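S.K.:
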Amino acid sequence: MQRRTFLCTLGVSCLSLCVPQITFAASKALVVYFSKTGEQYGVGVISKGNTAIVAEMIAKKTSADLSEITRVDDTYPKTYQALCDVAKDELTKKVRPKYSMSITDLSGYQTIFIGAPVWWGDWPMVMYSFFEQANLAGKMLIPFCTHEGSGLSEFDKKLAKACPKSRVGQGLAIVGRDAQKHSAKVDTALDGWLKKLAAQGVVF
Amino acid sequence: MRMIIQVMLVGSLLALMAYARLGEEVHEILGTSMLLFMFVHLWHNKTCLANIFHGKSPRARIFHSICALLLILILCLQGISGIVVSKHLFAFMQIPGSAFARAIHLCLAYWCFVLIAIHMGLKATRFIKLLTTYFRERMYLVILIYLSIAFYGFLVFTRSDILDYMLLNKAFMSYNSDEPMIVFFLEHIALGIFFITFGMIINKMSKYLSSK
Numbered sequence: 760m761q762r763r764t765f766l767c768t769l770g771v772s773c774l775s776l777c778v779p780q781i782t783f784a785a786s787k788a789l790v791v792y793f794s795k796t797g798e799q800y801g802v803g804v805i806s807k808g809n810t811a812i813v814a815e816m817i818a819k820k821t822s823a824d825l826s827e828i829t830r831v832d833d834t835y836p837k838t839y840q841a842l843c844d845v846a847k848d849e850l851t852k853k854v855r856p857k858y859s860m861s862i863t864d865l866s867g868y869q870t871i872f873i874g875a876p877v878w879w880g881d882w883p884m885v886m887y888s889f890f891e892q893a894n895l896a897g898k899m900l901i902p903f904c905t906h907e908g909s910g911l912s913e914f915d916k917k918l919a920k921a922c923p924k925s926r927v928g929q930g931l932a933i934v935g936r937d938a939q940k941h942s943a944k945v946d947t948a949l950d951g952w953l954k955k956l957a958a959q960g961v962v963f
Numbered sequence: 002m003r004m005i006i007q008v009m010l011v012g013s014l015l016a017l018m019a020y021a022r023l024g025e026e027v028h029e030i031l032g033t034s035m036l037l038f039m040f041v042h043l044w045h046n047k048t049c050l051a052n053i054f055h056g057k058s059p060r061a062r063i064f065h066s067i068c069a070l071l072l073i074l075i076l077c078l079q080g081i082s083g084i085v086v087s088k089h090l091f092a093f094m095q096i097p098g099s100a101f102a103r104a105i106h107l108c109l110a111y112w113c114f115v116l117i118a119i120h121m122g123l124k125a126t127r128f129i130k131l132l133t134t135y136f137r138e139r140m141y142l143v144i145l146i147y148l149s150i151a152f153y154g155f156l157v158f159t160r161s162d163i164l165d166y167m168l169l170n171k172a173f174m175s176y177n178s179d180e181p182m183i184v185f186f187l188e189h190i191a192l193g194i195f196f197i198t199f200g201m202i203i204n205k206m207s208k209y210l211s212s213k
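Top to bottom, those sequences are chains A and B. Using the working numbering, read the first sequence as starting at 760 and increasing by one per residue. Using the working numbering, read the second sequence as starting at 2 and increasing by one per residue.
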């Protein structure tokens, strides 16, 4: 009996040496986003931002971690017109506001979904602070945005330019109004997009 | 000199429509230049402008007058709204109200394009006479090519968001950065020719109605 057990153990050990080791890569994904509440275009005064809604949906579908980027000393106005003036001023002066986020150690993430509203056809300037200061080298970055007609606004190209050591995947643009009022439509769009990303070999 | 200014106006207009493709700084320089060209154009036509409500056949010229006055108003508003939304040339002015100015600027941009094309159509009589002189025997071919381009322009208009921008149904411009620039410009030329045709038809109709 002992001999049989020994031989079985020996056999299994030899087999394990012959079979290639299968390791599971760290495929954990992260969803990072910036979003504003208050009065926004086309949706009135909102308590949850358009991008926040989309980010949460992505995190749920991909079982990813979620981290919001907030501006330190957030003095952004709560009214749309005033916010636009501030955003334009930041863009013109290429301001890099200080930011904070709940998850600071990004080393364990292979894929990072990055989302923000389109402000003056570009990422909000606080996102550029994130792009320039966070260690995103070697990661797969997937941009998504919320807008009211401007589409993706080359968020993918701008992200690739800001993070030259990262790979950038296919982005997704969601109409802000749809995020607030037509979640089924957003859900379908997200499913199609995530399916395409998976087919392209993006790991999440 | 007049012809040069007119060509510069049309050239600037086409380049301005490619705002997202040529970049904002180029757009602001072109916009400022176009305003200057407009003032020179008005100066060249100051006599015509002064007699806008006087002179021969004022009824026939009523569309010309409305179109011209609307264009002057719209171009001035474009200049003002452009200064408010400026991120380069006039950014130092920091004028508030950029969100409203941006929406107006986008809406009026397409009204400007349409009205300039109609304005050209209203004034096309001399150009048509020139074409008839040079292509007398092949005029049917010229007309066929022209109408084909105008029809294509109509198709461009129907499948684009231009009407939504003009009616402020869409307040933010989307663009296809993968579309070749040459295709963009050719489509806008065809679109312009479609509205020039409008102007030519209005011109013919107003002359006919005035003769009755």
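Note that CB positions come from ideal geometry on N, CA and C, so glycine has one too. These numbers come from a predicted model, not from an experiment.
How would you write the range of the alpha helix (DSSP H) that B:His45 sits in, first residue to last?
M.R.: 25 to 45
S.K.: Keeping to the same chain, check which residues put their C-beta closer than 8 Å to that of B:Leu78; ignore five residues upstream and five downstream.
M.R.: Ile105, Leu109
S.K.: Taking Cβ positions only, does A:Tyr868 come closer than 8 Å to chain B?
M.R.: no
S.K.: Between which two residues does the beta strand (DSSP E) harbouring A:Cys965 extend?
M.R.: Coverage of chain A is limited to positions 760 through 963, which leaves residue 965 of chain A absent and any answer about it impossible.
S.K.: Less than 8 Å separating the beta-carbons of A:Met899 and A:Thr863?
M.R.: no
S.K.: Which of the three DSSP states is assigned to B:Phe136 in this structure?
M.R.: In the three-state reduction of the DSSP assignment, B:Phe136 falls in the coil class.
S.K.: Under the three-state reduction of DSSP, which class applies to A:Val791: helix, strand or coil?
M.R.: strand
S.K.: For A:Gln840 and chain B, any beta-carbon pair shorter than 8 Å?
M.R.: At a cut-off of 8 Å between C-beta atoms, A:Gln840 counts as an interface residue with respect to chain B.
S.K.: Quick check on DSSP: helix, strand or coil for A:Ala957?
M.R.: helix
S.K.: Would you please state the rounded distance, in angstroms, between the beta carbons of A:Leu731 and A:Ile901? I believe it to be under 8 Å.
M.R.: What is shown of chain A runs 760 to 963, which leaves residue 731 of chain A out entirely.
S.K.: Measure the C-alpha to C-alpha separation of A:His941 and B:Leu14 and round it to an integer number of angstroms.
M.R.: If you take the alpha carbons of A:His941 and B:Leu14, they lie about 38 Å apart.
S.K.: Just the C-alpha distance for A:Lys787 and A:Lys917, rounded to the nearest angstrom, thanks.
M.R.: 25 Å
S.K.: For chain A, check one thing: does any of its Cβ atoms lie closer than 8 Å to the Cβ of B:Leu206?
M.R.: In the sequence under discussion, the amino acid at residue 206 of chain B is Met, which differs from the Leu named in the question. Not closer than 8 Å to any Cβ of chain A, the Cβ of B:Met206 fails to qualify, so no.
S.K.: Report all residues from its chain with a CB closer than 6 Å to the CB of A:Thr821; omit the five preceding and five following residues, and keep chain order.
M.R.: Ala788, Phe963
S.K.: Assuming the contact rule is C-beta atoms closer than 8 Å, A:Val802 and A:Gly935 should be a hit. Round their C-beta distance to whole Å, please.
M.R.: 6 Å
S.K.: Interface residues of chain B around A:Lys847 at Cβ under 8 Å?
M.R.: Val86, Lys88, Ser99
S.K.: What residue range is occupied by the uninterrupted beta strand (DSSP E) comprising A:Val804?
M.R.: 803 to 805
S.K.: Along the chain, where does the beta strand (DSSP E) containing A:Met860 start, and where does it finish?
M.R.: For A:Met860, the enclosing beta strand (DSSP E) covers residues 858 to 860.
S.K.: Taking its Cβ as the centre, do 16 or more other Cβ atoms sit within 10 Å of B:Trp44, making it buried, or is it exposed?
M.R.: exposed
S.K.: Spell out a yes or no on whether the segment 945 to 953 of chain A and the segment 807 to 821 of chain A are touching, meaning 3 or more CB-CB pairs, one atom from each, closer than 8 Å.
M.R.: yes
S.K.: Between which residues of its own chain and B:Ile232 is the CB-CB distance below 8 Å, once the five residues before and five after are set aside?
M.R.: Past the edges of chain B, shown from 2 to 213, lies residue 232 of chain B, and the structure says nothing about it.
S.K.: Terminal residues of the continuous beta strand (DSSP E) containing A:Asp824?
M.R.: 824 to 830
S.K.: I want to check one thing, is the minimum distance from the CB of B:Ile30 to the heavy atoms of the ligand ADP below 7 Å?
M.R.: No copy of the ligand ADP occurs in the structure displayed, which carries no ligand at all.
S.K.: With burial defined as no fewer than 16 other Cβ atoms inside 10 Å of the residue's Cβ, what is the status of A:Gly897: buried or exposed?
M.R.: exposed
S.K.: For chain B, is any of its Cβ atoms less than 8 Å away from the one on A:Thr851?
M.R.: yes
S.K.: Spatial neighbours of A:Asp824 within its chain, please: C-beta separation below 8 Å, excluding the five flanking residues on both sides.
M.R.: Lys787, Ala788, Leu789, Val790, Ala818, Ile862, Tyr868
S.K.: Determine the extent of the alpha helix (DSSP H) in which A:Thr810 is found, giving its start and end residues.
M.R.: Note, A:Thr810: alpha helix (DSSP H), 809 to 821.
S.K.: Quick one: measure Cβ to Cβ for B:Val157 and B:Ala191, integer angstroms, because I've assumed they're closer than 8 Å.
M.R.: 6 Å
S.K.: Please compile the residues from chain A whose C-beta is within a distance smaller than 7 Å of the C-beta of B:Lys171.
M.R.: Gly908
S.K.: Using a Cβ-Cβ cut-off of less than 7 Å, list which residues of the segment 159 to 184 of chain B approach chain A; keep chain order.
M.R.: Lys171, Ala172, Phe173, Met174, Ser175, Ser178
S.K.: Three-state secondary structure (DSSP) at A:Gln939?
M.R.: helix
S.K.: Take the Cβ of A:Asn809 as the centre, count every other Cβ of all protein chains shown within 10 Å, and call the residue buried at 16 or more, exposed below.
M.R.: Counting the other CB atoms within 10 Å of its CB gives A:Asn809 a total of 16 or more, which places it among the buried residues.
S.K.: Give me the Cα-Cα distance between A:Lys795 and A:Phe903, rounded to the nearest whole angstrom.
M.R.: 15 Å
S.K.: Check for me: the alpha helix (DSSP H) holding B:Gln95 runs from which residue to which?
M.R.: Taken as a continuous stretch (DSSP letters only), B:Gln95 belongs to no alpha helix (DSSP H), as it is neither H nor E.
S.K.: Taking the straight line between their C-alpha atoms, what separation do you get for A:Val877 and B:Leu123?
M.R.: 41 Å
S.K.: What are the boundary residues of the beta strand (DSSP E) that includes A:Gln929?
M.R.: Neither: A:Gln929 is in no beta strand (DSSP E) and is coded neither H nor E.
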